[in-house]
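Heads up: the sequence shown at position 230 corresponds to 230 in full-length UniProt numbering, and the numbers run straight through without jumps.
Think of the CB as a built atom: it goes at the ideal place given N, C-alpha and C, for glycine as much as any other residue.
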Amino acid sequence: MGLLTVGTPLSWEDTKKYAEKIKKHGILQFINLYKNLKDRQRDTLKWGDEIEYTLIYIDHKNKSARLLLKCSDILHVLQEEENNNPGSNQNAWRMEYADYMVEGTPGQPFGGCLKQFNRVEASMRSRREELMRVLKENETVICFASFPRIGCPGFTEPILASSPALNPSSNSLYYPDRAIYPSHPRFKTLTKNIRSRRGSRPSINIPVFRDINTPEPYNQDIPNDDGEAKLAVLPNHVYMDCMGFGMGCCCLQVTFQACNIKEARMLYDQLTVLAPIMLALSAASPAFQGMLTDIDVRWGVISASVDDRTKEERGELPLKNDKFRIPKSRYSSVDMYISECSSHLNDIPVNYEEEHKQMLIDAGIDETLAIHIAHLFIRDPVSLFAEKINLNDEVDTDHFENIQSTNWQSVRFKPPPSNSKIGWRVEFRSMEVQLTDFENAAYVVFIVLLTRVILSYKLNFLLPISKVEENMKRAMKRDAVKKELFYFRNTTSYDASDEQVELTIDSIINGQDNGFPGLISLIRSYLDSIDVDIDVGCTIKQYLCFISRKASGNLQTMASYMRNYICSHPEYKKDSFIPEAIMYDLSVHLDKVSQGKIGCPSLFGNPSTKSLNVTPPNCVKVSEEVEELTKKILSVKRINEDKLEERDTLQDNLTRSLGVDVIIDSNLQM
1 MGLLTVGTPL SWEDTKKYAE KIKKHGILQF INLYKNLKDR QRDTLKWGDE IEYTLIYIDH
61 KNKSARLLLK CSDILHVLQE EENNNPGSNQ NAWRMEYADY MVEGTPGQPF GGCLKQFNRV
121 EASMRSRREE LMRVLKENET VICFASFPRI GCPGFTEPIL ASSPALNPSS NSLYYPDRAI
181 YPSHPRFKTL TKNIRSRRGS RPSINIPVFR DINTPEPYNQ DIPNDDGEAK LAVLPNHVYM
241 DCMGFGMGCC CLQVTFQACN IKEARMLYDQ LTVLAPIMLA LSAASPAFQG MLTDIDVRWG
301 VISASVDDRT KEERGELPLK NDKFRIPKSR YSSVDMYISE CSSHLNDIPV NYEEEHKQML
361 IDAGIDETLA IHIAHLFIRD PVSLFAEKIN LNDEVDTDHF ENIQSTNWQS VRFKPPPSNS
421 KIGWRVEFRS MEVQLTDFEN AAYVVFIVLL TRVILSYKLN FLLPISKVEE NMKRAMKRDA
481 VKKELFYFRN TTSYDASDEQ VELTIDSIIN GQDNGFPGLI SLIRSYLDSI DVDIDVGCTI
541 KQYLCFISRK ASGNLQTMAS YMRNYICSHP EYKKDSFIPE AIMYDLSVHL DKVSQGKIGC
601 PSLFGNPSTK SLNVTPPNCV KVSEEVEELT KKILSVKRIN EDKLEERDTL QDNLTRSLGV
661 DVIIDSNLQM
């Protein structure tokens, strides 16, 4: 979702004039945040998930399923509870890039009490039910990571024409500007400015899935071509041309609050290694533009859809007007670890402005974190509002967030907002959204439990960052969960060498004889060491069983399930094409599955959890006691800091009046 500043949006030409100023002041804003909050300690574990839902219109009369452009009409209704009862709302709703998308989160974060894991699925079910209540007949919610016929003629409801002349923001041949969320200027501004900065429409080429009747070569139809698409499209590829094809996809994200900045940085590094594994495991995107493709995930599509690099930055022309060659889009996998103890594994050089790095180091920030922040700031702001150019860097953070929130990486390190109770956080961003509440809850609980195991056992999954990058490329391939090998450590100890082996996802998740024990085994060992409620234990057991069976191939990924459904449909001509009739039948089927009207054992088994979206009283009591203890600790710390400041002031005054250095005992009681 990103920074939702409201104001008068500037074009790229005007934004460019302020780019260096925005970046310099963004660095200063981070420095001020860091100075104020670097010593923040003992924040409790809080976490929450984000699900991006897709609104679908099912036209039974014409046997068609289309993306329903309705978020801007219903969002204010969904937000009524939060607006009327802030702090006690059960669910929270936010706009997303497209008008057929809406983001739902728990109204309040989940806590560290183990019983909170039994709330997740019920919370997701509550969100789905609330969303369904504001929809009308023939309107529904289906969690598509990518809608298979996005970009095809008539893929939206209402049906809209599309051409460069009709789309001033995207200039797209296929994706109408009206599909972009219309009630906030951020999204169309980003769309237009990314295209303007690049100097052309984004060029997204995905290899087509080769079936026995797929044309050779497959050449995509290019309607209303102005000449630009003909130069960009590749043979035997599905071609797309704007931000909507990527940011119009849906994902499942989890954000964790760490107890301090050190823990957040360490967790960021460890989760970076797990991001490709979880991307492959959650694969749910087999088709785009009405064609089956030879990939299973949305990641590469989104990356290309927001690639604003110029020809010089992409290495297609010699550097003349730009400063750097930039290897990847601003939507990409993590480029470096950010903990000092991990820095020796940063074996891919990263670009940064030396001035920015020096500003950070001069402010007392260590070199590793300084390089991370400076590296983010090689990207220009691509969304700027006239009212937000001149800000107070002591209190405002918009310039920092402007750059931070448009570096869309697989894991994000998030400083606390100014003047808030929120601590240092890490956002895990690589997972694809799943069809049902059970599946989404299973992935969320699995990754949250894994963070507890990492911190409790001080586990080390770190690889050279180049190996993580290679893993990300492998994770994007078709059926990667079964067919690909991934670099992974064979031991979890910090004391061992940094040797790595190539393992299947089955071995990484479920372990292997006389080798890596498996993530599931580590989680079960952790659970065995603590007291787990029977209902909670039963729920977690089902989630872990589900993840285990996904990794082993015993259960299909959503991508494989959809691909198999399409390929076995009687109207499929084995030519890779997905006609409207198949899309209709697929949507009707998935709608019944997601609402629990029919089962789907090949996708998620036959689960039956006792999830309830109620925080047990003992969890509330523990949370309140921890919060109160934290306040006391921080209060004592502030008192001690005040005493030290008073001591230093007295010391300075005495030194000036006496003309000699005076040292006051730091243990002196005042």
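My guess is that residue i and residue j are in contact by the Cβ rule of under 8 Å, so how many angstroms apart are they, rounded?
i: Phe-385; j: Gly-7; result: 3 Å
i: Phe-438; j: Glu-121; result: 6 Å
i: residue 675; j: Ser-163; result: The structure shown does not extend to residue 675, since the chain is modelled only from 1 through 670, so no value can be given for it.
i: Val-453; j: Tyr-526; result: 5 Å
i: Lys-38; j: Ile-206; result: About 43 Å separates the two Cβ atoms, so there is no contact after all.
i: Ala-161; j: Ala-480; result: The pair is not a contact, with the Cβ atoms about 37 Å apart (cut-off 8 Å).
i: Asn-91; j: Gly-104; result: 6 Å
i: Ser-285; j: Cys-249; result: 7 Å
i: Leu-555; j: Phe-604; result: 6 Å
Hey, out of the options, whose CA is closest to residue i's CA?
i: Leu-586; options: Ser-11, Glu-50, Tyr-57; result: Tyr-57
i: Arg-125; options: Asp-575, Thr-504, Thr-557, Ala-441; result: Ala-441
i: Ile-51; options: Val-453, Phe-30, Phe-144; result: Phe-144
i: Met-247; options: Arg-197, Tyr-181, Val-614, Ala-280; result: Tyr-181
i: Gly-596; options: Ile-31, Arg-128, Asp-99, Asp-14; result: Arg-128
i: Thr-214; options: Gly-154, Leu-292, Ile-74; result: Leu-292
i: Lys-483; options: Lys-192, Glu-502, Glu-80; result: Glu-502
i: His-344; options: Ile-465, Arg-524, Lys-323, Gly-290; result: Ile-465
i: Ile-277; options: Phe-117, Ile-508, Arg-489, Ile-578; result: Ile-508
i: Met-240; options: Ser-305, Leu-190, Met-472; result: Ser-305
i: Ala-275; options: Trp-93, Tyr-97, Leu-463; result: Leu-463
i: Glu-367; options: Val-382, Ser-342, Arg-379; result: Ser-342
i: Phe-288; options: Val-134, Phe-209, Lys-414; result: Phe-209
i: Cys-242; options: Ile-566, Leu-69, Arg-195; result: Arg-195
i: Val-451; options: Leu-522, Ile-530, Ser-203; result: The question names Val, but residue 451 is Thr in the sequence shown. Measuring from the Cα of Thr-451, the nearest candidate turns out to be Leu-522.
i: Lys-238; options: Leu-455, Gly-227, Arg-149, Pro-158; result: A small correction: the amino acid at residue 238 is Val; Lys does not occupy that position in the sequence shown. Val-238 has its Cα closest to that of Arg-149, out of Leu-455, Gly-227, Arg-149, Pro-158.
i: Phe-516; options: Arg-524, Thr-491, Cys-538; result: Thr-491
i: Phe-155; options: Tyr-174, Leu-166, Asn-138; result: Tyr-174
i: Ser-560; options: Ser-594, Asp-396, Arg-478; result: Arg-478
Closer than 8 Å by C-beta to residue i: which residues in its own chain qualify, once you throw out the five before and the five after it? Chain order, please.
i: Leu-658; result: Only weak support is given to the placement of Leu-658: the predicted model assigns it a pLDDT of 36, under 50, and the value that follows is read from those uncertain coordinates. Correct list: empty, nothing qualifies.
i: Arg-638; result: Confidence at Arg-638 is low in this model, with a pLDDT of 49, below 50, so the placement of that residue should be treated as unreliable; the coordinate-derived value is given next. So the list is empty, once near-sequence residues are dropped.
i: Ser-303; result: Gly-246, Lys-328, Ser-329, Tyr-331, Ser-332
i: Leu-279; result: Val-297, Trp-299, Ser-410, Ser-430, Met-431, Glu-432, Met-472, Ala-475, Met-476
i: Val-102; result: Glu-52, Tyr-53, Leu-55, Cys-71, Ile-74, Leu-75, Leu-78, Trp-93, Arg-94, Met-95, Glu-96, Leu-131
i: Glu-107; result: Here residue 107 is Gly; the residue named in the question, Glu, does not match the sequence. Result list for Gly-107: Glu-81, Glu-82, Ser-88, Asn-89, Gln-90, Asn-91, Ala-92, in chain order.
i: residue 674; result: Missing from the structure shown is residue 674; the chain here goes from 1 to 670 and no further.
Using a Cβ-Cβ cut-off of 7 Å (strictly less than) and excluding sequence neighbours within five positions of residue i, which residues of its own chain qualify?
i: Leu-590; result: Ile-142, Leu-435
i: Ala-581; result: Lys-63, Glu-571
i: Pro-185; result: Pro-9
i: Gly-423; result: Arg-40, Asp-43, Gln-257, Ala-258, Pro-416
i: residue 696; result: Outside the modelled stretch of the chain, which goes from 1 to 670, sits residue 696, for which no answer is possible.
i: Ser-548; result: Ile-509, Asn-510, Ile-520
i: Ala-370; result: Lys-357, Leu-360, Ile-361
i: Tyr-18; result: Leu-384, Ile-389
i: Tyr-487; result: Leu-463, Lys-467, Glu-470, Asn-471, Gln-500, Glu-502
i: Ile-212; result: Lys-574
i: Leu-634; result: Caution is warranted here: a pLDDT of 48 is assigned to Leu-634, below 50, making its placement in the model unreliable, and the coordinate value is therefore given only provisionally. Within the same chain, Leu-634 has no close Cβ partners at all.
Give me the DSSP bridge partner(s) of residue i.
i: Gly-104; result: Ile-51, Trp-93
i: Cys-251; result: Glu-432
i: Leu-292; result: Ala-287
i: Val-238; result: Ile-206
i: Arg-66; result: Tyr-57
i: Ala-98; result: Ile-180
i: Phe-110; result: Trp-47
i: Phe-577; result: Met-291
i: Pro-9; result: Phe-385
i: residue 684; result: The shown model of the chain, from 1 to 670, leaves out residue 684, and the question about it has no answer.
For residue i, collect the residues of the same chain with a Cβ closer than 6 Å to its Cβ; drop the 5 residues on either side in sequence, then sort them by chain order.
i: Phe-339; result: A small fix is needed here, since residue 339 is Ser in this sequence, not Phe. Excluding sequence neighbours, Ser-339 sits near Arg-265, Met-266, Asp-269.
i: Ser-11; result: none
i: Lys-16; result: none
i: Gly-192; result: One point to set straight first is that residue 192 is Lys, not Gly, in the sequence displayed. Ser-169.
i: Phe-400; result: Gly-26, Gln-29, Phe-30
i: Cys-152; result: Gly-290
i: Gly-315; result: Arg-325
i: Lys-311; result: Leu-317
i: Leu-612; result: Ala-122
i: Leu-584; result: The sequence as given places Tyr at residue 584; Leu does not occur at that position. Within the same chain, Tyr-584 has close Cβ partners Lys-63, Ser-64, Ala-65.
i: Tyr-218; result: Val-208, Asn-236
Exercise for review: Could I get the ranges of all uninterrupted alpha helix (DSSP H) runs contained in the region 454-529, with 4 residues as the minimum, in chain order?
Suggested key: 465-475, 480-483, 505-510, 519-528
**Study point:** Complete runs of the alpha helix (DSSP H) confined to the region 317-366 [at least 4 residues]
**Key:** 354-362
Exercise for review: Starting from the N-terminal side, write out each stretch of the beta strand (DSSP E) that is 3 residues or longer and does not extend beyond the region 381-422.
Suggested key: 411-414
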